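Asks:
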Amino acid sequence: MNMQKIEVREGNFNLQDYQKAYQQFDWEEAKQAFSWSETGKVNIAYEAIDRHAENPDKADQTALLFTSPDREERITFTDLKQSSNQFANVLKDKGIEKGDRVFLFMPRSPEFYAAFFGILKVGAIAGPLFEAFMEQAVRDRLEDSEATMLVTTPELLERVPYKELPQLKQIVLVGDADVQEEGFIHFHNEMTQASQSFDLEWVDLEDGMLLHYTSGSTGKPKGVYHVHNAMLQHYQTSKWVLDLQQDDVYWCTADPGWVTGTSYGIFGPWLNGVTNVIVGGRFSPENWYKALQDYGVTVWYSAPTAFRKLMSAGEEAVEPFDISKLRHIASVGEPLNPEVIAWGLDAFKLRIHDTWWMTETGAQLICNYPAMEMKPGSMGKPFPGIVASIIDNEGNELPPNQMGNLAIKSPWPSMMRAIWNRPEKFESYFLNGWYISGDSAYYDEEGYFWFQGRLDDVINTSGERVGPFEVESKLIEHAAVAEAGVIGKPDPERGEIIKAFITLNEGYEESEELLEDIRQFVKKGLSAHAAPRELEVKDKIPKTRSGKIMRRLLKSWELGLPTGDVSTLEE
Ligand code: PRX
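Using UniProt numbering, read the sequence shown as starting at 1 and increasing by one per residue.
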């Protein structure tokens, strides 16, 4: 595993001496970058957008470079300030107040970003939903958050069961739509009438700004609640890990429905005043290389699953494009294979820097830095100001080279402040003052951390986090399915794929058509990425005497591993 270290390239990086920064850095220092350290007036939307619009050197700089198959726009900080002010005025007019939850269910577009910042400007909490979600996934999140308003498109509206969501009072439709029905609002009509100036709602650093739903191994997805204070870490990590500098053109490939798409697709670049490229539409090696070339991307943040796809497209896919402006690449979401790093050195002549963090952590915690030697396969070292360790199940720290719970000393600026409506769930993350990540890892004598796997049943498929319980619940809603157990099965390209074991109800016979129908049922109910790629019919699903599905046993069967302790298995 321990490949040779990869040396640092020459470069004028923001962080030149990691060791020194780790010893000396204090989060107090990061505060100096923000206007509220002097004015006392806090709002992350102000720091990310308005502050630059009010700066003559930045006002006309392109903030957002948007491209999708049918649209291309350059939007300045001034434009974005004005459009988000307009939307804030619409929200205020419709009675949205501080602390209200306003959800967004739409593809990336200039309107999305105007709406997103408009929500923050009135002090409301934004809840971005991945556009591929189907009805059940949308319903669960809107129900749990008790969102009172949703911003969506006419095309996606059919997946919103709004008639069954009594608390959802208003729906803003972005696009051509007939809005006769009560509670519906026409985005473009309202925007053209709204003023471009707005008195921003100043909030407290600890006030809420974002709810991101994510999956655990049990129960429905949980609402991870983030506050304005997270900006400290969004800013500082983007500066030191992504090495954002004033003339950079930055591209984060993640959708804002996932935390990477907000922390580093929105806040990180704009808090640093950098031009941000947003690419809508579908992934293809040609589209991506073309985007890197056409926009002169200098810093690129993506995921192992995407790099692996590019790798399998071969060198001939990249050759026609001039991507020589690219100077720094980072990765997140799943283990970054040393092979991929080796390929990156070949294809781009650059190191790909792994970073580790989670929805709950709000920002990067363990990273590889441009001016630090890299050990391929390692997630790197803790960010300055962050204490990471490996602890046993009793909360004791373990020495180097021993595997255990990857844990972070609580708190840090961007840490979640709650799980929405579930205080006991929130508490369950902590032990002896440590935040327990759910990942297992170890660190070596030089302080590099090495990811080993998940300790729970959470599945990571193509960098997307899927809870087995959600998929199992959907499967048994299908008329043919009696019981279901869902696991992640290792896959060379996707990291893991979802495999479901099911038993059939009486009167149903196993057939290709039936299995495909079940697969489609999950896909249409939850989302494509949550649909099992493999389905296997069993006579019985192994369960404990208390009725819990033994996914661990299913996984051992699947992988042909020893089954371990099965003393709790029911008769
Ligand atoms: O298991 C780890 C994996 O993704 C989980 C967090 O998923 P999510 O909340 O969706 O956030 C993803 C992006 C921030 C972690 O518990 N993970 C994330 N980054 C890495 C990783 N696994 C290995 N290496 C990484 N760099």
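Cβ coordinates follow ideal geometry from the N, Cα and C atoms, glycine included.
Just so it is clear, the structure is predicted and the values come from calculations on it, not from any experiment.
1. So, does the stretch 49 to 67 touch the stretch 91 to 99, judging by three or more C-beta pairs under 8 Å?
2. With a threshold of 8 Å, are at least 3 pairs of Cβ atoms found where one atom belongs to the stretch 327 to 334 and the other to the stretch 292 to 304?
3. Can you tell which of 476, 439, 475, 447 has its C-alpha closest to the C-alpha of residue 459?
4. Report yes if the CB atom of residue 131 is closer than 7 Å to the CB atom of residue 107, and no otherwise.
5. Hey, residue 502 and residue 533: beta-carbon distance below 7 Å or not?
6. How about residue 15 and residue 369: do their beta carbons lie closer than 7 Å?
7. Tell me which same chain residues have a C-beta within less than 8 Å of the C-beta of residue 373, skipping the five on either side of it?
8. At what residue ranges does the stretch 87 to 165 contain a whole run of the alpha helix (DSSP H), taking only runs of 4 or more?
9. Can you list, in chain order, the residues of its chain whose CB lies under 6 Å from that of residue 123, leaving out five sequence neighbours each side?
10. Between which two residues does the alpha helix (DSSP H) carrying residue 472 extend?
11. Could you give the uninterrupted runs of the alpha helix (DSSP H) lying entirely in the stretch 33 to 65, keeping only those of 4 residues or more?
12. Note down the Cα distance separating residue 408 from residue 428, rounded to an integer number of angstroms.
13. Here's a check: name, in chain order, each residue in its chain whose Cβ is nearer than 7 Å to the Cβ of residue 524, leaving out the five neighbours to either side.
14. Have a look at the DSSP bridge pairing and note the partners of residue 199.
15. Within the continuous alpha helix (DSSP H) that includes residue 489, where are the two ends?
16. Within 10 angstroms of its Cβ, does residue 260 collect 16 or more other Cβ (buried), or is it exposed?
17. Under 6 Å Cβ to Cβ from residue 527, same chain only, skipping five residues before and after it: list those, please.
18. Cβ of residue 223 within 7 Å of Cβ of residue 211?
19. Taking 6 Å as the cut-off, is the C-beta of residue 214 nearer than that to any heavy atom in ligand 1?
20. In whole angstroms, what is the alpha-carbon distance linking residue 341 and residue 18?
21. Helix or strand or just coil, what does DSSP make of residue 81?
22. Let me check one thing: in DSSP terms, what residues is residue 389 bridge-paired to?
23. Is the beta carbon of residue 232 less than 7 Å from the beta carbon of residue 272?
24. Starting from residue 328, follow the beta strand (DSSP E) in both directions and report where the run begins and ends.
25. Considering only the alpha carbon of each residue, which of 417, 21, 515, 23 lies closest to residue 230?
Replies: Reading off the structure:
1. no
2. yes
3. 439
4. yes
5. no
6. yes
7. 5, 6, 7, 8
8. 110 to 121, 135 to 145
9. 98, 201, 203
10. 468 to 475
11. 36 to 39
12. 14 Å
13. 134
14. Paired residue(s): none; residue 199 is not in a bridge.
15. Premise fails: residue 489 lies in the beta strand (DSSP E), 481 to 491, not in any alpha helix (DSSP H).
16. buried
17. 132, 133, 134, 137
18. yes
19. yes
20. 21 Å
21. helix
22. 407
23. no
24. 328 to 331
25. 417
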